[in-house]
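Engineer: Protein chains in written order, with this note's numbering: chain U, -1 to 260; chain Y, -1 to 260; chain D, 23 to 342; chain G, 20 to 297; chain E, 20 to 297.
We put the CB at the ideal spot given by N, CA and C, even for glycine.
Here's a structure for you.
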Amino acid sequence: MSRGGLLLFQLLVALVFFGLWQLLATVPIFGHTVLPPFFFSTPVNVFNRILKWLIEGTIWRHLLVTLVESVLAFVIGSLSGALIGFWFARQQTVAAIFDPYVKMMNALPRVVLAPIFALWLGLGIWSKVALGITLVFFVVFFNVYQGVKEASTTLLDNARMLGMSERQLLRHVYWPSALSWMFSSLHTSVGFAVVGAVVGEYLGSAAGLGYLIQQAEGVFDVAGVFAGMIVLAMFVVAIDLLVTKVENRLLVWRPNAGEGTA
Amino acid sequence: MSRGGLLLFQLLVALVFFGLWQLLATVPIFGHTVLPPFFFSTPVNVFNRILKWLIEGTIWRHLLVTLVESVLAFVIGSLSGALIGFWFARQQTVAAIFDPYVKMMNALPRVVLAPIFALWLGLGIWSKVALGITLVFFVVFFNVYQGVKEASTTLLDNARMLGMSERQLLRHVYWPSALSWMFSSLHTSVGFAVVGAVVGEYLGSAAGLGYLIQQAEGVFDVAGVFAGMIVLAMFVVAIDLLVTKVENRLLVWRPNAGEGTA
Amino acid sequence: QAQDKIEKPDLVLGVGGKSSLYYLPLTLAERLGYFKEQGLNVTITDFGGGSKSLQSLIGGSADVVTGAYEHTIRMQSKGQDIAAVIELGRFPGMVLAVRKDKAAQVKSFGDLKGMKIGVSAPGSSTNFFVNALIARDGVKPDEVSIIGVGTGLSAVAAMKKGEIDAIVNLDPVMTKLDQDGDIVILADSRTDEGNMKLFGGNNPAAVVYLKTDFISKNPVTVQHLVNAFYKATKWLEKATPEDIVKTVPEEYFLGDKALYLSAFKASKPMYSTTGIITPQGMQNGLNLLLQFDPEMKDAKIDLNRTFDDRFVKKAAAGQM
Amino acid sequence: MEAGVTAGSTAVALDDATVAFRLADARVYTAVEQVRLSVEHGEFVAIVGPTGCGKSTLLNVAAGLLRPSSGTVRIFDSPLAGLNREAGYLFQADALFPWKTAIDNVAIGLEVSGLARAQALERAQAWLTSVGLAAFGNRYPHMLSGGQRKRVGLAQVLIRDPKILLMDEPFGPLDAQTRQIMGNLLLQLWSADRKAVLFVTHDLEEAIALADRVVIMSAGPHARIIGDWRVPLSRPRDISEVRMEEDFHALHREIWSVLKDEVMKGYAQSSQAPVEAA
Amino acid sequence: MEAGVTAGSTAVALDDATVAFRLADARVYTAVEQVRLSVEHGEFVAIVGPTGCGKSTLLNVAAGLLRPSSGTVRIFDSPLAGLNREAGYLFQADALFPWKTAIDNVAIGLEVSGLARAQALERAQAWLTSVGLAAFGNRYPHMLSGGQRKRVGLAQVLIRDPKILLMDEPFGPLDAQTRQIMGNLLLQLWSADRKAVLFVTHDLEEAIALADRVVIMSAGPHARIIGDWRVPLSRPRDISEVRMEEDFHALHREIWSVLKDEVMKGYAQSSQAPVEAA
Ligand SMILES: Nc1ncnc2c1ncn2[C@@H]1O[C@H](COP(=O)(O)OP(=O)(O)OP(=O)(O)O)[C@@H](O)[C@H]1O
Ligand SMILES: Nc1ncnc2c1ncn2[C@@H]1O[C@H](COP(=O)(O)OP(=O)(O)OP(=O)(O)O)[C@@H](O)[C@H]1O
Ligand SMILES: [Mg+2]
Ligand SMILES: [Mg+2]
């Protein structure tokens, strides 16, 4: 499908979605409103709110805070996830010993940890970044770990026979073969980084989209809540586009549909 | 390393961890307690609490509730993630159109959605299961989607030439080649399913480990909070062992270190 | 006898933070078996916050909520009919304090200008409380920096770390900080004189509220419910700390029993003894809202619809 | 399509087929150009040519896995759209399913066509025996040697009994003796119901011994068919015996002289830049 | 180890090497048994044997990738522990790095040994030219034909100039003419500094034409070395010319008669259950 056609279809989906929402929130079906506006507001209200934010400019500061937190959480979380994933995959003994602990940590409810983060890191951006990291880290870690273990044994044998040291193996074999694994996890992580930041803000902060959302929720301003979430979503798609760019750049070597015959 | 040796080392790690915790929480260093017991309790207190729970038997009911929620979230989330992942990978047009929306949804802070889940699903286990599903789904989805796309083109060509229909391709090629991707995501998901359930309970419930933790936190009973988290962690390791069993069973065909020469 | 039949013996009760002292009467009614006594089977669901328990009531997943009186006013402006049936707390119990090392600088509320103030959550009643106080000295809400710090450990952590200069919060957070000598209290709405000074009288806090049509459809059920709460209120009025220790689940203060008891002592005056919200109290509650929520300004509020005193009166009559 | 399968009809017909690959930077590499090649029903055609000339590319085109940039492909006189469902294709590269044992790899072709698993396995075992791997049925591919894997692949394709066989160096990693056994097996099958076979090999002797026609390709890029010989040897043949005949050697010499020059040319050419702008 | 590399020393010595693979169900498949094989410094040894007999297994053992179940491996008279760092190994299977272009694949061996990238690329380009792929340097492996990939692999191994060359059917997917060119290239390199070469092939003529010694293996399981011929042809040789000599044909006939029987035996054997309990 052409780029234009695709965009058209995507817009159509959005339109249908918002149309249905407006309909179900305003027109009662069998005397019963499917999406009571008390809980769902209406798209019109939500858009008005976003518009107002944009015009008044109040949103930018909050958006910037959340952006910084998300990007930091994403970068630090995925870097450390990838590094430790690599390390574990190469150090089978270390991996075997720490395996149950990693899994336990992955299961700790981060929300409960918020006070500890606040204690250690204060209420500034770093406690939110920490929350984001705890989500991003595990997604990337498990995938990179598996990706490294999936590297083809033939290629590894060849690489070793070509005289590669452990470090060179990492660079020339493990890293490229774990790349597609890593990128798959990065797509999941982008979302989680933002969730971490927003939830962190939601649990204690002075700015950010999570703060906005919570403030709206406190006064039962559902339009505000949804407006915050929609801004958030837009923003994630923007970051994800970047990740996809990098991915396509790094994975040029793959056979893909685009090639074929002229 | 032998199984026994491994277990020994694992225990050692736990001992060092708890030892350090006890030390830093009770012995002041330069007149300053690194882990003030008000925020961190001490391992001794925490274990006493767990012991008490076990003896009094209060914990079992809560554990069961959380178990049911987690398992449901895990099963439903990963099944639907895998199915929709497969479907998207095979329907490139659908995937292209919905791609940005899936990513947006992945970025919605689930905590904010809690009232909506309560509205739709009531206050029973299902609203917690829903929260778990929203975490598990995306992790599995992105990995299965990528796993299917990574299937070797040579194998696919061969399978097509052998007369496989789309459904047979799924079963005989895509499914086995996406398996290791799926299992990698399942290891991440086990943790997330539990996190979802617990956070759901934490945000509103009448039973479960999350409820226990919340009650404890409300009265500054840090020992209770940590005791809850430790029970939780144990419990995740148990579920994960099951996943690993299934994985080893399904991936027998792989060349592995265990084979080699006699 | 037929009219005495309980229409709906199985009730789901929502609460935001059951273990806090704010909701102690609920815990007592449950622990002392008053619901059972009244032939009710109450499932208590605990939520992360008061707004969530309200939402569950509106959404229909909870039948009754113990929450802030303020919600009944707010919901009227949103076209949702809910009404309180008994008052549990007559004072909000909120306390405003500044960090010890800042105390010298802060002589009046106006001196908070430019400071970082921790509230339980932005948009919550603690937020409005501080807004109201600084407004008296002519400081606008956007001239201070409001930070959400929660109502639990994170609030304590934030103050101890020096992340915030002032805090508005409830017990046990405030008692903890006070005991540890981290703060100097500026305004205390746990006590009679504190409330007189701040609001000129009562300012109803925790109440039991339900949807109005639920009340009219299930009057007997509501009566029994109120009976139970009323009895708990009475029990509490006479309770000594030892009684509390015996009744409240041990987990509630295992963290620090002494702390819990001093917090209880500090908070005791705030519990309602009559269960009745006075008109003065209603007006005080509304005034607080009017001052800061722009959306409330144009709303027409009929305060009489926010509280249905029939049931408490009957319960009180039955008791005596 | 079924109706078109009559003796004498053309099984595979490439008409002026050109395949150009798009490279990076919008450049284009024309692998084969204007290839006109037909395989009659029941005919055994061998393709021989220098490495990299485009033999596999032609098989991919005939299989419907690659659409030619220009020209047409007809299968049993109907234009080919999508996959060639009449064909079985033994790939040059290893294409066994690593998660299936040898016997499952062979049986899969029958299973997907709806045969009960038990029967499929039974016939697969018979096929494994034919290719000399009766005892290796429950090995996964990574536990087999290169030649064993190739033979499993052979059984995998042959068991489905396709009307058209596309084979890309099927006997490459086999020793000379096993090659002959496999060659005889193939001839035997082919003569039983006269399939159309398109057979790529680097072994000219093998090509002559097996085929009705031997087609020679020029070196790429722009590879074309530069020779097409009919093999004058009688059927049925035994591969090892046929090599003793004088006709065999005469033909071999004739083709070889053409082929040798072509390889040298290809060797020289492929050292220059073989691309043009799109 | 460097000290041991003197003319006349033994480059590779397998002594009573037995390799048994553990199968599922604790069964064991003994691929090769009691193999005694040595390659002197500067010697070119070809291994020929029926498919699946254990040729690749022996190379893996010599490369240090597989530890024999019993027996010893000595490289330049030192016992081999871990990888054989003196050897270059051209694998039977495709082992190019799919994420590197052809030239990067060739250059990597130099790069890892610390040579500057620019120089490594320059030398890689020269090697690509030697194997006839000068113009294909910036292609990724999936854009190359089977034979082209093999030649890139060849360049990848040869560029490192290892003292021991292990080659598993290096010329398999090449046409006869290219095979000869590559064969001559290999001989030329080898004679320049007398490497030890262990060369697996299915083409007996090629084995004789290239090697100093031709070793024949019996069919598996329990494959052993059943023949070891010294090739009496003079050096330097030109592969295409050497085939005209009478000695060549005599030796070929002699080896062939042994080999032929062995293949038939292997064919029969491998159809029975070739496993024993562990
Ligand atoms: N995807 C591709 N992109 C670009 N060029 C390609 C691609 N696939 C093949 N080629 C080129 O097309 C030519 C023909 O390739 P093909 O695989 O058909 O050769 P072949 O005759 O089978 O060679 P061999 O005998 O070595 O297998 C080669 O030069 C190859 O480099
Ligand atoms: N991992 C393994 N597990 C079990 N058996 C194996 C394994 N690897 C190889 N074998 C068996 O060992 C024998 C020798 O294999 P090898 O690959 O060395 O044969 P080869 O001589 O190289 O054959 P070819 O000429 O076909 O490549 C074969 O019968 C094979 O099935
Ligand atoms: Mg080819
Ligand atoms: Mg081999």
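Excluding the five sequence neighbours on either side, which residues of its own chain have a C-beta within less than 6 Å of the C-beta of G/Leu78, listed in chain order?
Structural biologist: Only Leu185, Asp187 meet the Cβ criterion.
Engineer: Three-state secondary structure (DSSP) at E/Glu141?
Structural biologist: helix
Engineer: When we look at the beta-carbon of G/Thr197 and count the other beta-carbons within 10 Å, is it buried (16 or more) or exposed?
Structural biologist: buried
Engineer: Kindly confirm or deny that the stretch 128 to 146 of chain Y and the stretch 174 to 193 of chain Y touch, where touching means at least three C-beta pairs closer than 8 Å.
Structural biologist: They touch, by the three-pair rule.
Engineer: Under 6 Å Cβ to Cβ from U/Ala87, same chain only, skipping five residues before and after it: list those, please.
Structural biologist: Tyr143, Val146, Lys147
Engineer: Secondary structure at Y/Glu54, three-state DSSP: helix, strand or coil?
Structural biologist: Here DSSP, grouped into helix, strand and coil, assigns Y/Glu54 to helix.
Engineer: Where D/Leu33 and D/Gly55 are concerned, what is the direct C-alpha to C-alpha distance, given to the nearest angstrom?
Structural biologist: Going by the C-alpha atoms only, they are around 15 Å apart.
Engineer: Per DSSP, what are the beta-bridge partners of E/Arg41 in this structure?
Structural biologist: According to DSSP, which records beta bridges pairwise, E/Arg41 is partnered with E/Val47.
Engineer: Please classify G/Phe218: does DSSP put it in a helix, a strand, or coil?
Structural biologist: strand
Engineer: Could you round the C-beta distance between E/Ser164 and E/Leu204 to whole angstroms and report it? I think they count as a contact, below 8 Å.
Structural biologist: With a Cβ gap of about 19 Å, E/Ser164 and E/Leu204 do not count as contacting.
Engineer: Distance cutoff 8 Å, beta carbons only. Does E/Glu295 sit that close to anything in chain U?
Structural biologist: With a pLDDT of 40 at E/Glu295, under the threshold of 50, the modelled position of this residue cannot be trusted, and the question is left open.
Engineer: Whose C-beta lies closer than 7 Å to the C-beta of D/Leu50 among residues of the same chain, with five residues either side of it excluded?
Structural biologist: Once the five neighbours on either side are set aside, the close Cβ partners of D/Leu50 are Ala254, Trp257, Leu258, Thr269.
Engineer: Just checking: is the beta-carbon of G/Ala39 within a distance shorter than 8 Å of some beta-carbon in chain E?
Structural biologist: Contacts with chain E at 8 Å (Cβ-Cβ) do not include G/Ala39.
Engineer: With a threshold of 8 Å on Cβ separation, who are the neighbours of E/Gln138 within its own chain once the five nearest residues in sequence on each side are excluded?
Structural biologist: Excluding positions up to five away in sequence, the list reads Leu129.
Engineer: Identify which residue in G/Ala36, G/Gln199, G/Ala43, G/Ser253 has its Cα closest to the Cα of E/Tyr159.
Structural biologist: G/Ala43
Engineer: Could you have a look at U/Ile27 and say whether DSSP puts it in helix, strand or coil?
Structural biologist: strand
Engineer: Does the distance from the CB of D/Val17 to the CB of D/Val141 come in under 8 Å?
Structural biologist: Residue 17 of chain D is absent from the model: chain D starts at 23 and stops at 342.
Engineer: For the alpha helix (DSSP H) that G/Leu184 lies in, which residues bound it at each end?
Structural biologist: Looking at the DSSP string, G/Leu184 is not in any alpha helix (DSSP H); the run it does join, the beta strand (DSSP E), is 183 to 187.
Engineer: CA-CA distance, U/Asn156 and E/Ala238?
Structural biologist: 27 Å
Engineer: Any beta carbon of chain Y sitting closer than 8 Å to that of U/Val234?
Structural biologist: Contact of U/Val234 with chain Y is assigned, a C-beta pair being separated by under 8 Å.
Engineer: Using CA coordinates, which residue listed in G/Ala211, G/Leu33, G/Val234, G/Arg249 is at the minimum distance from G/Gly61?
Structural biologist: Sorting G/Ala211, G/Leu33, G/Val234, G/Arg249 by C-alpha distance to the C-alpha of G/Gly61 places G/Ala211 at the top.
Engineer: Going along the stretch 60 to 71 of chain Y in order, which residues come within less than 7 Å of chain U, judged by CB to CB distance?
Structural biologist: none
Engineer: Are the stretch 188 to 207 of chain U and the stretch 97 to 112 of chain U touching, with three or more C-beta to C-beta distances below 8 Å?
Structural biologist: Output reads yes: the stretch 97 to 112 of chain U touches the stretch 188 to 207 of chain U.
Engineer: Counting beta carbon pairs with one atom in the stretch 232 to 246 of chain E and one in the stretch 46 to 58 of chain E, are three or more of them shorter than 8 Å?
Structural biologist: yes
Engineer: Identify, in the order they occur along the chain, each residue of the same chain with its Cβ nearer than 8 Å to the Cβ of U/Val66, setting aside the five sequence neighbours on each side.
Structural biologist: Ile123
Engineer: At least one CB of chain U closer than 8 Å to the CB of D/Val171: is that the case?
Structural biologist: yes
Engineer: Could you tell me if the beta carbon of G/Ser259 falls within a distance shorter than 7 Å of some heavy atom in ligand 2?
Structural biologist: no
Engineer: Apart from the five residues just before and just after E/Ala230, which ones in its own chain have a Cβ nearer than 7 Å to its Cβ?
Structural biologist: Phe63, Val64, Ala65, Phe218, Val250
Engineer: Just the Cα atoms here: how many angstroms apart are D/Leu308 and D/Met116?
Structural biologist: 17 Å
Engineer: So, for D/Ala125: in the same chain, excluding its five sequence neighbours on each side, which residues have a beta-carbon less than 6 Å away from its beta-carbon?
Structural biologist: Val206
Engineer: Which residue comes first and which comes last in the beta strand (DSSP E) that contains G/Ala106?
Structural biologist: Where G/Ala106 is concerned, the enclosing beta strand (DSSP E) stretches over 106 to 109.
Engineer: How is U/Tyr163 classed by DSSP in three states: helix, strand or coil?
Structural biologist: What sits at residue 163 of chain U in the sequence shown is Ser, not Tyr. Three-state result, U/Ser163: coil.
Engineer: Consider the Cβ of Y/Trp179: report whether some Cβ of chain G lies at a distance smaller than 8 Å.
Structural biologist: no
Engineer: Any C-beta of chain G sitting closer than 8 Å to the C-beta of Y/Asn156?
Structural biologist: yes
Engineer: Any chance the stretch 97 to 117 of chain D sits against the stretch 225 to 232 of chain D, with 3 or more Cβ pairs inside 8 Å?
Structural biologist: yes
Engineer: Should Y/Val244 be labelled buried (16 or more other beta-carbon atoms within 10 Å of its own) or exposed?
Structural biologist: exposed
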